[in-house]
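K.L.:
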Amino acid sequence: MRHRVTAVAAALVLFGGLAACTGGGGQADGPPILDPGAPGESATPASQEQIDAAAAGLGHNEADVEYILMMIEHHGQALVMTDMVEGRVESGDIRTMADRISSAQGPEIEAMEAWMEQNVYDPAEENPNHAGFCAHGPEGGHGGHATGGSDGSPDGCPVNLDHSDMPGMASQRQLDELRSADGAEFDRLFVELMTAHHEGAITMAEEVTLEGKHPMVLRMAADVIAEQTADINRMDEIIDG
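FYI, the numbering for the sequence shown is -20 to -1, 1 to 221, going by mature numbering (1 follows the signal peptide of the UniProt record, and there is no 0).
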């Protein structure tokens, strides 16, 4: 595992400055991108060929795509629950927590949808991050994703899009109970369901950190682990307090 982390870290050193490159001649606005070199050797500026090779090596895999598809839906349910707070909540702390969750996960959904657009739905043939997954537009199908395979997956897509067993997802019955509750009962149910929901998201994020490949997906997963662990701790404090 240590060797994998080291390799990824080294690649990120090389790859991290790509966003700073201008459109002409491979020149960068910031400091030069460095090739770490072999152990004991000094770092040297990377050539454009090395930069391109690093980018190609940091493409996405099936685990990345499945995680993003599932987490978009997972976050979407969290927003459904936070939308129920107005007119039902009793605790000001719960209201603040719901606002925090909504403010974080709404933009995260947009970022994940943008990642899908850039890396999966409409990749140019020369895009090194395109691994051939789900070559469909974002229109149609469950959750905005095309379907058509016998297993509910898009034709030619190896990713299983059956999200019914995603960890932490509330059932329709639980959502109906939350919608029917108010005051202290709503607060209790909201914390119970959102805590389980966050724990499920953390499980998914931890899995993709082991199985995924794309640096942005791994970064988003790390953010989910940190943010939602902090949210769980805050909700524990609210209940215990």
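Each residue gets a CB set at the ideal place from its N, CA and C atoms; glycine is no exception.
Rounding to the nearest angstrom, what Cα-Cα distance links Arg75 and Val69 in this structure?
P.N.:
As a first step, residue 75 must be located in the sequence shown, where it is residue number 95. As a first step, residue 69 must be located in the sequence shown, where it is residue number 89. Note on geometry: alpha-carbon atoms of Arg75 and Val69 lie some 7 Å from one another.
K.L.:
Hey, how far is the Cα of Glu97 from the Cα of Glu53?
P.N.:
Against the sequence shown, residue 97 aligns to sequence position 117. Against the sequence shown, residue 53 aligns to sequence position 73. About 16 Å.
K.L.:
Using beta-carbon positions only, say whether Gly148 and Glu172 come within less than 7 Å of one another.
P.N.:
To locate residue 148, count along the sequence shown from 1; it is residue 168. To locate residue 172, count along the sequence shown from 1; it is residue 192. In this structure, Glu172 does not lie closer than 7 Å to Gly148 by Cβ.
K.L.:
Report whether the distance from the Cβ of Met51 to the nearest heavy atom of the ligand FMN is below 6 Å.
P.N.:
Among the ligands in the structure shown, none appear at all, so the ligand FMN cannot be discussed.
K.L.:
Which whole-angstrom value describes the C-beta separation of residue 223 and Met200, a residue pair presumed to lie in contact below a C-beta threshold of 8 Å?
P.N.:
The question about residue 223 has no answer, for the chain in this structure spans -20 to 221.
K.L.:
Out of Ala206, Leu158, Gln57, state which residue places its alpha-carbon closest to the alpha-carbon of Ile89.
P.N.:
Working through the sequence shown from its first residue, we reach residue 89 at position 109. It is Gln57 whose Cα lies nearest to the Cα of Ile89.
K.L.:
Rounded to a whole number of angstroms, what is the C-alpha to C-alpha distance between Val45 and Ala181?
P.N.:
Taking the first residue of the sequence shown as 1, we reach residue 45 at position 65. Taking the first residue of the sequence shown as 1, we reach residue 181 at position 201. If I take the Cα positions, the gap works out to 15 Å.
K.L.:
DSSP on Glu66, reduced to helix/strand/coil?
P.N.:
Here residue 66 refers to the residue found at position 86 of the sequence shown. Residue state, collapsed to three classes: coil.
K.L.:
What did DSSP end up calling Gly117 once you bin it into helix, strand or coil?
P.N.:
Position 137 of the sequence shown, counted from the start, is the residue given in the question as residue 117. Residue placement at Gly117 is flagged as unreliable, the pLDDT there being 38, under the threshold of 50; a coordinate-derived value is accordingly withheld.
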